[in-house]
Amino acid sequence: MAGRGRRKQNLTLDEQLIRTEEEIDELELRMEELQKKKEEIEEQIAGQKKEALYQAAIHSGKSMEEILALLERV
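Residue numbering for the sequence shown follows my numbering, beginning at 1460 and increasing consecutively.
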């Protein structure tokens, strides 16, 4: 016996259009939320990298001037 799917509603073209527009609006909102979340995560990653660089500089025993001079040579 074949499986039964959801019962299909007979929607008019106008109803289909409205439903599709609503779905697009929902997806756009979701996309905005995900973009904000992505930016927050990228900021956290950048902060971690800055902290790691700062800690490496402190533990190197070199002065900031020495570190900057080394970086300028690269």
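Quick reminder that beta carbons are idealized off the backbone N, C-alpha and C, glycines included.
- Query: Anyone know if the C-beta pair for A1516 and I1526 falls short of 8 Å?
  - Reply: Here residue 1516 refers to the residue found at position 57 when the sequence shown is read from its first residue. Here residue 1526 refers to the residue found at position 67 when the sequence shown is read from its first residue. Yes, the Cβ-Cβ distance between A1516 and I1526 is below 8 Å.
- Task: Pick helix, strand or coil for T1479, following the three-state DSSP scheme.
- Result: Start at 1 with the first residue of the sequence shown, and residue 1479 comes out as number 20. Correct three-state label for T1479: helix.
- Item | Sub-8 Å separation of R1478 and L1470 beta-carbons | One-based indexing of the sequence shown puts residue 1478 at position 19. One-based indexing of the sequence shown puts residue 1470 at position 11. Yes; because the gap between Cβ atoms is below 8 Å, this pair is in contact.
- C-alpha distance - H1518 paired with K1495, whole-angstrom precision: Residue 1518 sits at position 59 when you count from the first residue of the sequence shown. Residue 1495 sits at position 36 when you count from the first residue of the sequence shown. Looking at the two C-alpha atoms, the distance is approximately 35 Å.
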